[in-house]
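K.L.:
Using full-length UniProt numbering, the letters of the sequence shown correspond one by one to residues 1 to 324.
For glycine and all other residues, C-beta sits at the position ideal for the given N, C-alpha and C.
Provided herewith is a single structure, encoded as structure tokens, for subsequent inquiry.
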Amino acid sequence: MELPRPVLVVPRDASLDEWVTARRDGIGGSEVAQAAGISPFATPFQLWLQKTGRVEPDFDDNTRERMYWGTVLEPVLLAEFARRHPDLTLVPPEGTYAVPGQTWIRATSDGLVVDDGTVVELVECKTGDHRQLAAWADDDVPVHYVAQCQWQAHVMGVERVRVVALLDTSTYLERVVERDDELIGMLLDAATEFWHHVQADTPPPVDASDTAARMLAAMPVEPGRAVELPPHWDKTIRRRHEFDELIKAYRAERDVLDNELRLAMGAAEEAHLDGRRVARFRAPSRPSRSCDYDRLATEFPDAYAACVAETASSRRLTYSKETS
Numbered sequence: 001m002e003l004p005r006p007v008l009v010v011p012r013d014a015s016l017d018e019w020v021t022a023r024r025d026g027i028g029g030s031e032v033a034q035a036a037g038i039s040p041f042a043t044p045f046q047l048w049l050q051k052t053g054r055v056e057p058d059f060d061d062n063t064r065e066r067m068y069w070g071t072v073l074e075p076v077l078l079a080e081f082a083r084r085h086p087d088l089t090l091v092p093p094e095g096t097y098a099v100p101g102q103t104w105i106r107a108t109s110d111g112l113v114v115d116d117g118t119v120v121e122l123v124e125c126k127t128g129d130h131r132q133l134a135a136w137a138d139d140d141v142p143v144h145y146v147a148q149c150q151w152q153a154h155v156m157g158v159e160r161v162r163v164v165a166l167l168d169t170s171t172y173l174e175r176v177v178e179r180d181d182e183l184i185g186m187l188l189d190a191a192t193e194f195w196h197h198v199q200a201d202t203p204p205p206v207d208a209s210d211t212a213a214r215m216l217a218a219m220p221v222e223p224g225r226a227v228e229l230p231p232h233w234d235k236t237i238r239r240r241h242e243f244d245e246l247i248k249a250y251r252a253e254r255d256v257l258d259n260e261l262r263l264a265m266g267a268a269e270e271a272h273l274d275g276r277r278v279a280r281f282r283a284p285s286r287p288s289r290s291c292d293y294d295r296l297a298t299e300f301p302d303a304y305a306a307c308v309a310e311t312a313s314s315r316r317l318t319y320s321k322e323t324s
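Below is the structure:
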């Protein structure tokens, strides 16, 4: 089977602004799992908010730290891969590539294995801590990385992607992901459906994640504006109130169970059942802290400025009490 020859859509020396803009023009390998709904980190709805320019990517501190070290360690992993495979010629990619005629289908590989000037394999670098070790056991590759490899194999027209991973600071792994056209077809179907949502500016189904809530709260606001909801929202709002009452009831029942267990534990710090620990009842190792920020700002303005970071508050969704 003749595989497609990719076209270069974003050169390697493009500016950061050009890279950021280009990310909105297609789906890359690291995003296809999100578009297909199989990513553990983000959902199609969250990706849609970003692709349509409604919000910027929402990264917490842990994610930023993980991304930073992934970038720092990428050349180290590529160098180690090259050292272990002196028979292979490894070169950096020229930038972001795409499928001719479908340039929204994109890929940016970490490394290219070439033979006589032709790209024959791809190399992808991954990092992780001890919590990721189990996902890589028994020659496995996490499913979202498999999706990335298949997507990039499709774009670049290769039969194989080599995945190089450094886990828990010292566990070096190599995996080979062979091209799977059936899986590629399923990814293309899911990504095409998602991309139609982007082009039509129509959202895919919303999800319940905190990240989606933060993204929606960060969208631009028109102060004082009110929107008239269609009649079918009456049922939805009532259902929301019913959930509130159910949650209150379940929470009260849960709190009673908690207090019963506290009473049963007495002075003990741990509760065991059949020899296994089922609960702890102890004070935190560090005392709780509180701060009078207004007083700190007034009496010690330099310390306040040095230690306190103020961020703009985002919108909070509240409901009016049901009156009928």
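Measure from the alpha carbon of leucine 49 to the alpha carbon of each residue in Met156, His232 and Ala218, then state which is nearest.
P.N.:
For the purposes of this step, residue 49 is identified with residue 49 of the sequence shown, where counting begins at 1. Of Met156, His232 and Ala218, the residue nearest in Cα terms is Ala218.
K.L.:
Between which two residues does the alpha helix (DSSP H) containing arginine 64 stretch?
P.N.:
If you number the sequence shown from 1, residue 64 lands on position 64. According to the DSSP assignment, arginine 64 belongs to the alpha helix (DSSP H) that extends over 61-84.
K.L.:
Would you give the residue range spanned by the alpha helix (DSSP H) that glutamate 299 belongs to?
P.N.:
In the sequence shown, residue 299 corresponds to position 299, counting from 1. Start and end: 293-299.
K.L.:
Tyrosine 172 by DSSP, collapsed to three states: which one?
P.N.:
For the purposes of this step, residue 172 is taken as residue 172 along the sequence shown, with counting starting at 1. Reduced to three states, the DSSP call for tyrosine 172 is strand.
K.L.:
Kindly indicate which three-state DSSP category valine 143 falls into: helix, strand or coil?
P.N.:
Your numbering for residue 143 matches position 143 in the sequence shown. It is helical.
K.L.:
In angstroms, rounded to a whole number, what distance separates the CA positions of histidine 241 and glutamine 46?
P.N.:
As a working mapping, residue 241 is identified with position 241 in the sequence shown. As a working mapping, residue 46 is identified with position 46 in the sequence shown. Their Cα atoms are separated by approximately 26 Å.
K.L.:
Buried or exposed: valine 227, going by 16 or more other Cβ atoms within 10 Å of its Cβ?
P.N.:
Counted from its first residue, the sequence shown places residue 227 at position 227. Label assigned to valine 227: exposed.
K.L.:
Around the C-beta of valine 67, are 16 or more other C-beta atoms found within 10 angstroms, so that it is buried, or is it exposed?
P.N.:
Stepping through the sequence shown from its first residue, residue 67 is reached at position 67. Looking at the sequence shown, residue 67 is not valine but methionine. With fewer than 16 other Cβ atoms within 10 Å, it is exposed.
K.L.:
Kindly indicate which three-state DSSP category threonine 127 falls into: helix, strand or coil?
P.N.:
For the purposes of this step, residue 127 is identified with residue 127 of the sequence shown, where counting begins at 1. Reduced to three states, the DSSP call for threonine 127 is strand.
K.L.:
State the DSSP-derived secondary structure class of leucine 8, mapped to helix, strand or coil.
P.N.:
Along the sequence shown, one-based indexing puts residue 8 at 8. Residue state, collapsed to three classes: strand.
K.L.:
Taking the straight line between their C-alpha atoms, what separation do you get for leucine 90 and phenylalanine 194?
P.N.:
Taking the first residue of the sequence shown as position 1, residue 90 is located at position 90. Taking the first residue of the sequence shown as position 1, residue 194 is located at position 194. Going from the Cα of leucine 90 to the Cα of phenylalanine 194 covers about 34 Å.
K.L.:
Please classify threonine 108 as buried or exposed, where buried requires at least 16 other C-beta atoms within 10 Å of its C-beta.
P.N.:
Here residue 108 is taken as the residue at index 108 of the sequence shown, counted from 1. Threonine 108 comes out buried.
K.L.:
Nearest by alpha-carbon distance to alanine 135: which of Ser288, Ala165 and Phe243 is it?
P.N.:
On the sequence shown, position 135 is the one that residue 135 refers to. Checked all of Ser288, Ala165 and Phe243; the closest Cα to alanine 135 is Ala165.
K.L.:
Grab me the residues of arginine 179's own chain with a C-beta within less than 6 Å of its C-beta, minus the 5 sequence neighbours each way, in chain order.
P.N.:
What you label residue 179 is simply residue 179 of the sequence shown in a count that begins at 1. Answer for arginine 179: Ala153 and Glu159, listed in chain order.
K.L.:
According to DSSP, simplified to helix, strand and coil, what is valine 198?
P.N.:
Position 198 of the sequence shown, counting from 1, holds the residue named residue 198. If DSSP states are grouped into helix, strand and coil, valine 198 belongs with the helices.
K.L.:
What does DSSP give as the partner residue(s) for leucine 167 in the beta ladder?
P.N.:
What you label residue 167 is simply residue 167 of the sequence shown in a count that begins at 1. BP columns for leucine 167 point to Gly128 and Thr171.
K.L.:
Give every residue of the same chain whose Cβ lies closer than 6 Å to the Cβ of aspartate 274, excluding the five residues on either side of it in the sequence, and list them in chain order.
P.N.:
Locating residue 274 in the sequence shown gives position 274, counting from the first residue. Around aspartate 274: no qualifying Cβ.
K.L.:
Throw me the rounded Cβ distance for the valine 123 and phenylalanine 81 pair, which I believe falls under 8 Å.
P.N.:
Numbered from its first residue, the sequence shown carries residue 123 at position 123. Numbered from its first residue, the sequence shown carries residue 81 at position 81. 6 Å between Cβ atoms; contact.
K.L.:
Within 10 angstroms of the Cβ of lysine 51, are there 16 or more other Cβ atoms? Answer buried if so, exposed if not.
P.N.:
Counting from 1 along the sequence shown, the entry for residue 51 is found at position 51. The residue is buried, with at least 16 neighbouring Cβ atoms inside 10 Å.
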